[in-house]
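Here's the structure we're looking at; comments come further down.
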Amino acid sequence: MVRKIAVGIVALLLSTLIFWIPFYFVIINSLKNQAESADMSMAWPTSFHFLDNYKAVLTASDYMLIRAFINSTLLTVLSISILIIVAAMAGFVLQRREGGRTSSFINFLVLAGLMIPPAIVPTIWVLDSIGLFKTLAGITLIEVALHFPFAAILYKAFVATLPREVDESALIDGCGGGRLFLSIIFPLLKPVTSTVIVLTSINVFNDFVNPLYFFPGADNATIQLTLYNFMSRFTTSWNLLFADIVLISIPPLILFIFFNKKIVAGMTAGAVKG
């Protein structure tokens, strides 16, 4: 009992050091003026500038942050919607048709997608050649492709826990392949679907590199790219930069707080089989 309490205390202290202290540093500096925030200290400000700083962030560059929130939200919703359907179908087929050289090769390709980094220049050339460069559709396809391997592996592991008798009974009753998946299998995938939604939403919403390369332009800015608004070669408005970080951290933080139990459930659902 004493050992468990000690382990819990140590874990709490570590989480405080790793997460809460940096978060406190960001929040407290977002309330300072430009001169005080440049000191990069954890001291309380001599005067609070909450309204001034956050209003300046929201109105900067003709309300770029608001446009960026809209762009990031659209990108996240579209990417998740496509990814769930595609990855769930792929995971179901990969698990139910295991065995054979073709299945092994496809599994290898899925795993390779986790290890091989994307090629920036060839991808830009492909997108530009088909007219999808600098478009929402193009960056959506990029996000789906990059997150597909991880999501497909999660779905495959979870499908392994579903008995094949469910498929066989549905087929005997005259259920086709598409109806079998959409009406019977897909509703049973809710735990892992919740995990994919939360984890992928956070990754896509906070993505910096891919929108920078594949979705450039002031009108196409996403929330992470708004950090450039308050950084320059000679002077950086650290108070506004930290205020921007606080604002763009709120949606993923709320999502994680409310769905953290479902994340763990979905990640461990396929641990017994598969």
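Per my numbering, residue -18 is the first one in the sequence shown, and the count goes up by one each step.
Where a beta carbon is used, it is the ideal one built from N, C-alpha and C, also for glycine.
Out of the options, which one is the CA nearest neighbour of residue i?
i, options, result
"HIS30", "ALA224, LEU108 and ALA24", "ALA224"
"THR116", "LEU56, ALA19 and THR40", "LEU56"
"VAL58", "ASP200, SER42 and ILE183", "ILE183"
"MET45", "PRO99, LEU143 and ILE229", "ILE229"
"ALA151", "PRO98, PHE162 and THR83", "PHE162"
"ASN210", "LEU32, LEU95, ALA41 and VAL(-9)", "ALA41"
"PRO144", "SER85, PHE73, ALA93 and VAL91", "PHE73"
"ILE101", "ASN201, ALA93, ILE120 and VAL91", "ILE120"
"VAL227", "VAL38, PRO172, ILE51 and PRO168", "VAL38"
"THR217", "TRP1, LEU(-7), ILE(-1) and ASP20", "ASP20"
"GLU146", "MET23, LEU32, GLY159 and ILE165", "ILE165"
"ARG48", "LYS137, ASP200 and GLY158", "ASP200"
"ILE231", "PHE50, GLY158, TYR136 and SER110", "PHE50"
"ASP33", "ALA141, ARG160 and GLN15", "GLN15"
"ILE87", "ILE(-1), LYS137, GLY159 and ILE238", "LYS137"
"VAL125", "VAL(-9), ARG(-16), PRO99 and THR142", "PRO99"
"ALA118", "ASN52, GLY159 and ARG160", "ASN52"
"LYS171", "PHE240, GLY158, ILE153 and ILE111", "PHE240"
Which first and last residues belong to the alpha helix (DSSP H) in which residue i is found?
i, result
"PHE0", "From DSSP, PHE0 is part of no alpha helix (DSSP H); its letter is neither H nor E."
"ALA126", "117 to 140"
"THR176", "171 to 186"
"TYR209", "Counting along the chain, TYR209 falls outside any alpha helix (DSSP H), and DSSP gives it neither H nor E."
"MET70", "31 to 77"
"ASP109", "101 to 110"
"ASP148", "145 to 153"
"MET96", "82 to 96"
"ILE(-10)", "-17 to -4"
"PRO197", "No alpha helix (DSSP H) contains PRO197, which DSSP labels as neither H nor E."
"SER164", "Run containing SER164: none; DSSP gives neither H nor E here."
"SER18", "15 to 18"
Would you mind giving the Cβ-Cβ distance between residue i and residue j, rounded to the nearest angstrom? I have them listed as a contact below 8 Å.
i, j, result
"THR176", "ILE61", "Going by Cβ atoms, the distance from THR176 to ILE61 rounds to 12 Å, so no, they are not a contact pair."
"LEU122", "LEU113", "7 Å"
"SER258", "LEU75", "Only positions -18 to 255 of the chain appear in this structure, which leaves residue 258 out of reach."
"VAL292", "LEU234", "One cannot answer for residue 292 here, as it falls past the ends of the chain, which runs -18 to 255."
"VAL91", "PHE139", "About 15 Å; that fails the 8 Å criterion."
"PHE167", "ALA71", "With 8 Å as the limit, PHE167 and ALA71 do not qualify as a contact, their Cβ atoms being about 13 Å apart."
"ASP148", "ARG78", "In fact, because the Cβ distance is near 11 Å, the residues do not count as touching under 8 Å."
"PRO26", "GLU17", "6 Å"
"MET23", "PHE6", "6 Å"
Checklist entry - Do the stretch 176 to 190 and the stretch 201 to 210 touch if we need at least three Cβ pairs shorter than 8 Å? => result yes
Next on the checklist: For the pair the stretch 62 to 82 and the stretch 121 to 139, tell me if three or more CB-CB distances fall below 8 Å.
Outcome noted: yes
Next on the checklist: Check whether the stretch 1 to 14 and the stretch 219 to 235 are in contact - that is, three or more C-beta pairs closer than 8 Å.
Outcome noted: Below 8 Å, enough C-beta pairs join the stretch 1 to 14 and the stretch 219 to 235 to call them touching: three or more.
Checklist entry - Is there contact here, the stretch 192 to 199 with the stretch 103 to 119, by at least three beta-carbon pairs under 8 Å? => result yes
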